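Structure first, commentary second.
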Amino acid sequence: MEDCILEMKNIIRTFPGVRALNGVDFSAKRGMVHALMGENGAGKSTLMKCLVGINPPDSGEIWLKGKKVVIPNPHEALKLGIAMIYQELNPVLERSVMENIWLGREPMLRTMPVLVDHKAMYAQTKQLLRQLEIEIDPKIKVKELSVAKMQMIEIAKAISYNADIVIMDEPTSSLTPNEVDHLFSMIRKLKERSVAVIYITHKMEEIFTIADEVTVLRDGNNITTNPISEITIDSLITAMVGRRLTEMFPKMESQIGDVKLAVEHLEVPGLLHDISFDLKRGEILGVAGLVGAGRTELMETIFGLRHRTAGEVFIDGRKIDIRTPSDAIKAGIGFLTEDRRLNGIIPVLSVKLNTIIANIRSYVRFGLFLNLKKIQRDCEDYKDRLKIRTPSLEALIQNLSGGNQQKVLVARWLLTNPDILILDEPTRGIDVGAKAEIHTIITKLACEGKSIIMVSSEMPEILGMSDRILVMSRGQLTAILDRNEADQETIMRYAAAKANNNQVA
């Protein structure tokens, strides 16, 4: 295996209450993309954090370029030529693009080595971005960039180290289709330079486009490693979840009733213009559009997180004045936010407290005490109903997999007993098995008479789960399509359109 640059042998890593990696073997070759697949909690990110020294393994060996190495921290990993692009972006927002790329290794003035050579740093950044065909001003502050562009800057930063191994953890989670194509072009350039790319993703179609090999982990074990030419989507899913998934979108036919929610002529300056639609009882209303279309902003406005300058909201035909999230919750609206890490979970609290936090007042007795027995009973009930995998309800939510964190957040809002549930990217960043479980939960809620708004960037999810589809573009509504008249081409055409009265179906 002359082209094998990395070998990880019998890697074991434990955390309190769980063995995350159980003697895993993994290798990577020069000039090849090796996809790492598995359900949330399978051990993918943990294995890579062992490699870069964030969570050094309890036992096992790491061989790099034929030599056994010990990697105690990320700095040592970079010195050895291993760079990782993390799923959770953490840029210095108040600093420029070039300062973020060269942070801690800035070029210094030759005449005065204690001062940064900003001119040289600008030129080096400009050259790097030009090579990667990234059109971003090196001097612009990172806080002014979209999440997608921040992702591109992180990729440029990793490449700037001239690493022999580049690890990408869910790199396309916030990218548009065009940006994904651009990323794949960058990866192919890395391959031409004999760089080994380790690619972690939940998106099946991506690995068949870009990967050369794939390894599947399940429950901390290496299940299989194969050339991409020797596997199919079905065999990959079976290896990941340990069973055949017969339905990714288990859509049940619910009884759709009268209008539950009506939004009329909603306006938020610079973000939303003249938005009107309705939502019926028992309906799943999908919301589609490209990044920046205003989908999340619309949901935040309905929930009282943003101030509208015009427009009205009606529930059951009655005008409702929603100015804060508390107003929305009282009106029977729940909101699962887009970014569970940023404004969903509270990492340092337990699964139990994260579950009850939006409904905690209902557990107060005599104005002073919490009904601990009822809290325990309700949390156990939703843990069982939603199949939340956790060592205990007292475990910190940050130690759960992404899919199980998402289920806890669904339980949080179900505990408030909402009539209207807004789900913004409910399956982003979770594995195929957890997605199928979340989809089952959503369609069962609709059958119980709940009214669901589901924002999603995944076209199969929108088409597979929605009764009607609302399409947005540049802060405007461009179409409302029935399930039987919608297809990917039609939705994309409206998503790229500019709204006018004739285009709304």
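Under the numbering used here, the first residue of the sequence shown carries the number 64, and numbering increases by one thereafter. Where is the CB? At the ideal position from N, CA and C, for every residue including glycine. Being a predicted model, the structure only gives us computed values, none of them experimental.
### Coarse secondary structure for Asp88, derived from DSSP in three states
Reduced to three states, the DSSP call for Asp88 is strand.
### Query
Unbroken alpha helix (DSSP H) runs of length 4 or more, entirely within the stretch 238-267: which are they?
The stretch 238-267 contains these whole alpha helix (DSSP H) runs: 240-255.
### Task
Tell me whether the beta-carbon of Gln194 lies closer than 8 Å to the beta-carbon of Pro170.
no
### Query
Alpha carbon to alpha carbon, how far is Ala226 from Glu268?
Ala226 and Glu268 have their alpha carbons spaced roughly 27 Å apart.
### Query
Would you say the stretch 420-439 touches the stretch 352-362, given that touching needs at least three Cβ pairs under 8 Å?
no
### Query
If you draw a straight line from the alpha carbon of Pro523 to that of Leu431, how long is it in whole angstroms?
48 Å
### Contact the stretch 71-86 vs the stretch 279-286: 3+ CB pairs below 8 Å
yes
### Query
How would you label Asn565, buried or exposed, when you count the other beta carbons within 10 angstroms and need 16 or more for buried?
Only weak support exists for where Asn565 lies, its pLDDT of 38 falling under 50; the value from the coordinates is given anyway. Answer is exposed; the Cβ neighbour count stays below 16.
#### Entry: Under 8 Å between C-beta atoms of Val205 and Arg158
yes
### Member of Ala558, Tyr185 and Ala497 whose CA lies at the smallest distance from the CA of Leu533
Ala558
### Query
Can you list the beta strand (DSSP E) stretches of 3 or more residues lying completely in the stretch 327-405, in chain order?
335-343, 347-351, 373-378, 381-383 and 396-399
### Message
Please report the distance separating the alpha-carbon of Ile216 from that of Leu478.
### Response
40 Å
### Task
Specify whether the stretch 524-544 and the stretch 326-346 touch according to this definition: at least 3 beta carbon pairs, one from each stretch, less than 8 Å apart.
yes
### Query
Quick one: Cα of Val567 to Cα of Ile483, how far?
Low confidence applies to Val567: its pLDDT is 42, below 50, so where it sits in the model is not reliable enough to give any reading.
### Query
In the DSSP assignment, what residue or residues form a beta bridge with Cys67?
When DSSP reads this structure, Cys67 sits in a beta bridge with Lys92.
### Contact under 8 Å by Cβ, Ile378 with Lys314
No; because the gap between Cβ atoms is not below 8 Å, this pair is not in contact.
### Task
Check whether the stretch 398-417 touches the stretch 451-458, counting contact only when three or more Cβ pairs, one atom from each stretch, lie closer than 8 Å.
yes
### Message
Quick check on the DSSP output: the beta strand (DSSP E) that includes Met535 runs from which residue to which?
### Response
Arg531 to Ser536
### Cβ-Cβ distance between Ala219 and Leu238 below 8 Å
no
### Task
Report the option in Val331, Val427 and Asn289 whose CA atom is closest to the CA atom of Leu368.
Val331
### Query
Taking all protein chains shown into account, do 16 or more other C-beta atoms lie within 10 angstroms of the C-beta of Ile505, making it buried, or fewer, making it exposed?
buried
### Query
When you compare each of Val350, Lys92, Tyr445 and Gly465 to Leu555 by their alpha carbons, which one comes out closest?
This sequence places Met at residue 555; Leu is not what is there. Closest by alpha carbon: Val350.
### Query
Taking the alpha-carbon positions, what's the Tyr426 to Ile420 distance?
10 Å
### Query
Is Ile294 helix, strand or coil by DSSP?
In this structure, Ile294 counts as coil in the three-state DSSP scheme.
### Query
Helix, strand or coil: which one does DSSP assign to Thr490?
coil
### beta strand (DSSP E) runs contained entirely in the stretch 101-179, provided each spans 3 or more residues
Listed in chain order, the complete beta strand (DSSP E) runs (minimum 3 residues) inside the stretch 101-179 are 122-127, 130-132 and 145-148.
### Query
For Met95, does the count of other Cβ atoms within 10 angstroms reach 16, so buried, or fall short, so exposed?
buried
### Query
Is it the case that the Cβ atoms of Pro154 and Met71 are separated by a distance below 8 Å?
no
### Task
With a 10 Å radius around its C-beta and 16 neighbouring C-beta atoms as the bar for buried, classify Ile74 as buried or exposed.
Buried is the label assigned to Ile74, since at least 16 other Cβ atoms lie within 10 Å of its Cβ.
### Query
If we count the other Cβ atoms within 10 Å of its Cβ and call it buried at 16 or more, is Thr372 buried or exposed?
exposed
#### Entry: Which listed residue (His97, Lys107 and Gly512) has its alpha carbon closest to that of Asp321
Gly512
### Query
Are the beta-carbon atoms belonging to Asp275 and His97 less than 8 Å from one another?
yes
### Query
Looking only at its own chain, which residues have a Cβ that is under 6 Å from the Cβ of Phe398, when we skip the five neighbours before and after it?
Phe366 and Ile485
### Query
Got a sec, what are the start and stop residues for the alpha helix (DSSP H) Met522 sits in?
Taken as a continuous stretch (DSSP letters only), the alpha helix (DSSP H) holding Met522 covers Met522 to Met528.
### Query
Grouping DSSP H, G and I as helix and E and B as strand, with all else coil, what is Arg76?
For Arg76, the three-state secondary structure derived from DSSP is strand.
### Query
Nearest chain B C-beta to Gly129 closer than 8 Å, yes or no?
No chain B appears in this structure, which consists of one protein chain only.
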